[in-house]
Amino acid sequence: MGNLFLPKEVRLGQNRVDELVEIAEALHMKKAFVLYSKSAVGQRLTTLQAQFTQAVFYGMPKGEPTTTMLQVALQHLMSEQCDGVIAIGGGSVMDLAKALAVLAKMPELTLSEIATTKKVERLPLVAVPTTAGTGSEATMVTVIIDEEKCMKLNPGHPALIPDVVILDAILTANVPKSVTAFTGLDALTHAIEAFVSTNATPLSDFYALEAVRLLTDHIEIVYEEPHNLAAREGMLLGSFYAGIAFSNASTNLAHATGRALGTKFHLPHGQSVALMHPFVVEYSMESCRERYDEIAEQIGLEQGEQLILYLQGLNDQFGVWQSAKNVVDQLTVETIKDMTKSALNGNGILTNRQVPTAQQIEQLFIQLRKRLQHKGDFAWYN
Ligand SMILES: NC(=O)c1ccc[n+]([C@@H]2O[C@H](COP(=O)([O-])OP(=O)(O)OC[C@H]3O[C@@H](n4cnc5c(N)ncnc54)[C@H](O)[C@@H]3O)[C@@H](O)[C@H]2O)c1
Ligand SMILES: [Zn+2]
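Under my numbering, the residue at position 320 of the sequence shown is numbered 320, and the numbers go up by one with no gaps.
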């Protein structure tokens with residue numbers, strides 16, 4: 001048994017971003033709201049603006065999307081009377097675009113109500129990812145930081161899945177090394193967590209395993225050879241498949257704890273998830289050893305247990321542990337308690353095969369602190 005929700009149309013290949021005008025026309029957009037990442041679009045902006053004479057271009061402010069950014073962008077979209085949304089950027093841009101497309105059509109809705117509303121309408125929506133990635137182009141989720149509550153809201157609804165997706169690896173070729181690593185590890189975490197989720201189905205498993213294969217085949221290559229477009233395309237397709245997998249299954253404890261960690265210390269999403277994932281796999285191993293064995297087989301490892309060292313090794317190789325050095329001193333008893341509470345309030349707890357207690361979540365953060373202090377031995381003995 002299972003259900004699978006997918007975008008209606010996907011265009012894969014280099015330079016396919018040039019087809020945006022034609023796609024916008026096919027979706028009957030007369031005046032598109034093009035939300036873009038300045039660093040991703042760069043010099044292409046002039047060409048795009050020349051192609052889209054009627055469109056309104058809106059550069060995404062820095063950082064992951066917040067409720068304030070959403071309100072400001074929404075006002076702009078409404079005052080310009082745009083009738084479609086095009087996102088060109090990483091997960092931050094795509095998530096803001098997804099929320100905008102809904103709220104422009106249903107301004108009375110709050111973000112949290114999206115998940116519980118039966119019929120959600122939105123403007124036509126096109127997503128062009130420039131990181132590989134969150135997979136947001138494939139998912140029924142938008143993640144927006146609620147500044148007042150100091151937590152990430154992540155309402156889900158099938159209406160949030162874009163109509164058309166363009167997977168053009170050229171757009172990812174200039175992603176900085178650290179973003180390549182963080183976003184690639186995020187995608188791998190999506191694939192693995194979807195496969196071990198209690199909500200996994202044969203439909204989501206298919207995408208999860210193929211994503212694991214594609215991502216692990218290419219992640220080290222794109223880190224070392226940023227302009228290797230074949231490898232960039234492998235990552236882009238892998239992150240898209242991982243998005244399909246987790247959108248139709250779920251993410252789990254690495255995301256629940258990673259979201260809490262990232263929100264507390266303002267770390268990028270992929271970095272915070274990658275920091276937690278090895279500990280979560282170790283903690284969850286007993287509860288679904290056979291599933292981890294299948295994942296290990298995709299990577300060419302002998303058994304699931306080796307996944308822990310594999311993920312730890314990627315974090316070493318990509319400098320992920322090192323990148324979080326400055327949070328060690330802030331991982332106090334108090335902040336760990338706060339993050340545990342916030343993790344328990346978010347998604348990904350009940351779908352973990354081994355449902356954690358508050359104390360066990362605290363232990364995951366303590367494991368992280370020990371690892372960052374180079375004292376961790378990666379054993380789950382406490
Ligand atoms: N909706 C979903 O299903 C889903 C899934 C996972 C994560 N997320 C959310 O997505 C957000 C993170 O997205 P992300 O990891 O893609 O990072 P991001 O979109 O925040 O981008 C990271 C940085 O890279 C830059 N960048 C993006 N593309 C670039 C390019 N091609 N060249 C140069 N620089 C580029 C951006 O400007 C930014 O500074 C978080 O808010 C996270 O919670 C959403
Ligand atoms: Zn993620």
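Positions of the beta carbon are idealized from the N, C-alpha and C atoms, including for glycine. All values derive from a computational prediction rather than experimental measurement.
In three-state terms, what does DSSP make of Arg11? Here the question's residue 11 lines up with position 11 in the sequence shown. Of the three classes helix, strand and coil, the one that applies to Arg11 here is strand, per DSSP.
Pair within 8 Å by beta-carbon distance, Val280 and Leu253: Working through the sequence shown from its first residue, we reach residue 280 at position 280. Working through the sequence shown from its first residue, we reach residue 253 at position 253. Yes; because the gap between Cβ atoms is below 8 Å, this pair is in contact.
Just to confirm my understanding: we take Asp293, look at its own chain, exclude 5 residues before and 5 after, and list those with CB closer than 6 Å. What are they? By 1-based counting over the sequence shown, the position of residue 293 is 293. For Asp293, where only same-chain residues beyond five positions count, the Cβ hits under 6 Å are Gln303 and Gly304.
Is DSSP giving Asn382 helix, strand or coil here? Residue numbering aside, residue 382 sits at position 382 when the sequence shown is read from its first letter. Confidence at Asn382 is low in this model, with a pLDDT of 31, below 50, so the placement of that residue is unreliable and no value is reported for it.
Would you say Thr116 touches ligand 2, meaning its beta carbon is less than 7 Å from a heavy atom? Counting from 1 along the sequence shown, the entry for residue 116 is found at position 116. Thr116: no, Cβ never under 7 Å from ligand 2.
Would you check if the distance between the CB atom of Ile244 and the CB atom of Leu6 is smaller than 8 Å? For the purposes of this step, residue 244 is taken as the residue at position 244 of the sequence shown. For the purposes of this step, residue 6 is taken as the residue at position 6 of the sequence shown. A contact, by the Cβ cut-off of 8 Å.
Thr389 in three-state terms, based on DSSP: Nothing can be reported for residue 389: it is not among the residues displayed for the chain, which extend from 1 to 382.
Nearest CA to the CA of Glu282: which residue from Gln363, His227, Asp217 and Ala249? Here residue 282 refers to the residue found at position 282 of the sequence shown. Taking only the C-alpha atoms, the option nearest Glu282 is Gln363.
Once DSSP output is grouped into helix, strand and coil, what is the label at Gly304? For the purposes of this step, residue 304 is taken as the residue at position 304 of the sequence shown. If DSSP states are grouped into helix, strand and coil, Gly304 belongs with coil.
Indicate, with yes or no, if ligand 2 has a heavy atom lying under 7 Å from the CB of Asp186. Here residue 186 is taken as the residue at index 186 of the sequence shown, counted from 1. True, at least one ligand heavy atom lies under 7 Å from that Cβ.
Coil, strand or helix - His374 by DSSP: Counting from 1 along the sequence shown, the entry for residue 374 is found at position 374. Looking at His374 - three-state DSSP - the assignment turns out to be coil, as it is neither helix nor strand.
Under DSSP, the alpha helix (DSSP H) around Lys152 begins and ends at which residues? Locating residue 152 in the sequence shown gives position 152, where the first residue counts as 1. Run containing Lys152: none in the alpha helix (DSSP H); it sits in the beta strand (DSSP E), Met151 to Leu153.
With distances taken between CB atoms, is the gap from Ala99 to Leu125 smaller than 8 Å? Residue mapping note: residue 99 aligns to position 99 of the sequence shown, counting from 1. Residue mapping note: residue 125 aligns to position 125 of the sequence shown, counting from 1. Going by C-beta atoms, Ala99 is not nearer than 8 Å to Leu125.
Of the choices Ile144, Val72, Glu80 and Gln49, whose alpha-carbon is the least far from that of Gly91? The residue given as residue 91 occupies position 91 in the sequence shown. Comparing Cα-Cα distances from Gly91 to each of Ile144, Val72, Glu80 and Gln49, the minimum goes to Ile144.
Looking at the secondary structure, which residues open and close the alpha helix (DSSP H) in which Leu237 lies? The residue you call residue 237 lines up with position 237 of the sequence shown. It spans Leu229 to Asn248 - the alpha helix (DSSP H) in which Leu237 sits, taken as one unbroken run.
Measure the beta-carbon distance from Gly2 to Pro202 and round it to whole angstroms, keeping in mind my assumption that it falls under 8 Å. The sequence position of residue 2 within the sequence shown is 2, counting from 1. The sequence position of residue 202 within the sequence shown is 202, counting from 1. Contact holds; Cβ gap of about 6 Å.
Going by beta carbon distance, what residues of the same chain come within less than 7 Å of Gln75, once the five residues before and after it are set aside? By one-based count along the sequence shown, residue 75 stands at place 75. Around Gln75: no qualifying Cβ.
His277: beta carbon under 7 Å from a heavy atom of ligand 2? Taking the first residue of the sequence shown as position 1, residue 277 is located at position 277. No.
Could you tell me whether any non-hydrogen atom of ligand 1 is closer than 7 Å to the CB of Asp146? Here residue 146 refers to the residue found at position 146 when the sequence shown is read from its first residue. Not so, every heavy atom of ligand 1 lies at least 7 Å from the Cβ.
Can you tell me which of the three DSSP states Asp83 falls into? Counted from its first residue, the sequence shown places residue 83 at position 83. Three-state DSSP puts Asp83 in coil, outside helix and strand.
How many angstroms separate the CA atom of Cys150 from the CA atom of Gly346? Locating residue 150 in the sequence shown gives position 150, where the first residue counts as 1. Locating residue 346 in the sequence shown gives position 346, where the first residue counts as 1. Cα to Cα, the separation comes out at about 12 Å.
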